[in-house]
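Heads up, the thing below is written out as structure tokens.
Numbering (my numbering), first residue to last: 8 to 192.
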């Protein structure tokens, strides 16, 4: 049975902290639903009613486009160990890019990684937990370093130009592009 609350509690925060992966879902009217897995040490609970995650440049920027168009976002975290549990955070979010107001405040919560593109700042509207009995047991082995390695090896000027060339989502929605390359750790 699912339980809802208006904000994250200490048990929710502890469960989130143990997970090496989370999932992000967004959509805009008339477009595709985007669902992305996220790894690395990139998710932060800032308060019971606010979370954020650090986003590295990748193949697309659908979350950014959807949040500009609609604002709705769902974060899902699964416990692949005991106890079986699924946690969903429903809220509204906004992309915050280097140079934007609020960037410095958000960025201080993270270790910036090579290729950091933005931070998504999310207002928690409700939290749902459910059993997760159908989720398999899985063991965490290690992070993939491929994305960070590719960004570390990138020429900063070429990287910025490539990101600026990606000014639309797959459904044609506008996105803002980073103006600078963050080398990170």
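Glycine included, each C-beta is placed from N, C-alpha and C at the ideal position.
- Message: Is the separation between the beta-carbon of residue 136 and that of residue 93 shorter than 9 angstroms?
- Response: By 1-based counting over the chain shown, the position of residue 136 is 129. By 1-based counting over the chain shown, the position of residue 93 is 86. Yes, the Cβ-Cβ distance between residue 136 and residue 93 is below 9 angstroms.
- Query: Can you check whether the CB of residue 38 is closer than 9 angstroms to the CB of residue 86?
  - Reply: Residue mapping note: residue 86 aligns to position 79 of the chain shown, counting from 1. Residue mapping note: residue 38 aligns to position 31 of the chain shown, counting from 1. Not in contact: residue 86 and residue 38 (Cβ atoms no closer than 9 angstroms).
- Item | Inside the region 41 to 85 only - beta strand (DSSP E) runs reaching at least 3 residues | As far as the region 41 to 85 is concerned, its whole beta strand (DSSP E) runs of at least 3 residues are 50 to 54 and 57 to 63.
- Item | Segment limits, alpha helix (DSSP H) that includes residue 114 | Taking the chain shown and counting its residues from 1, the one referred to as residue 114 is at position 107. Taken as a continuous stretch (DSSP letters only), the alpha helix (DSSP H) holding residue 114 covers 110 to 114.
- Message: Please identify the residue among 42, 40, 52 and 31 whose C-alpha is closest to the C-alpha of residue 21.
- Response: Residue 21 sits at position 14 when you count from the first residue of the chain shown. Looking at 42, 40, 52 and 31, the one whose alpha-carbon comes closest to that of residue 21 is 52.
- Selected residue, minimal CA-CA separation from residue 83, among 120, 131, 89 and 108: On the chain shown, residue 83 is found 76 positions in, with the first residue counted as 1. Per the Cα distances, 131.
- Message: Could you tell me which whole beta strand (DSSP E) segments of length 3 or greater appear in the region 112 to 182?
- Response: Entirely contained in the region 112 to 182, the beta strand (DSSP E) runs reaching 3 residues are, in chain order, 123 to 137.
- Message: With the cut-off set at 9 angstroms, would you say residue 128 and residue 165 are in Cβ contact?
- Response: Here residue 128 refers to the residue found at position 121 of the chain shown. Here residue 165 refers to the residue found at position 158 of the chain shown. In this structure, residue 165 does not lie closer than 9 angstroms to residue 128 by Cβ.
- Query: Got a sec? Which residues, its chain only, sit under 7 angstroms from residue 144 by beta carbon, not counting five neighbours each side?
  - Reply: Here residue 144 refers to the residue found at position 137 when the chain shown is read from its first residue. Taken in chain order, the residues that qualify are 87 and 88.
- Message: Whether or not the region 51 to 69 and the region 13 to 20 are in contact is what I'm after, with contact meaning three or more pairs of Cβ atoms, one per stretch, closer than 8 angstroms; do they touch?
- Response: yes
- Report the rounded CA-to-CA distance for residue 217 versus residue 11, giving the unit in angstroms. With the chain covering 8 to 192 only, the question about residue 217 has no answer from this structure.
- Whole-number beta carbon distance between residue 126 and residue 63, since they are thought to touch under 8 angstroms: Within the chain shown, the letter at position 56 stands for residue 63. Within the chain shown, the letter at position 119 stands for residue 126. Contact between residue 63 and residue 126 is ruled out by a C-beta separation of about 11 angstroms, above the 8 angstroms threshold.
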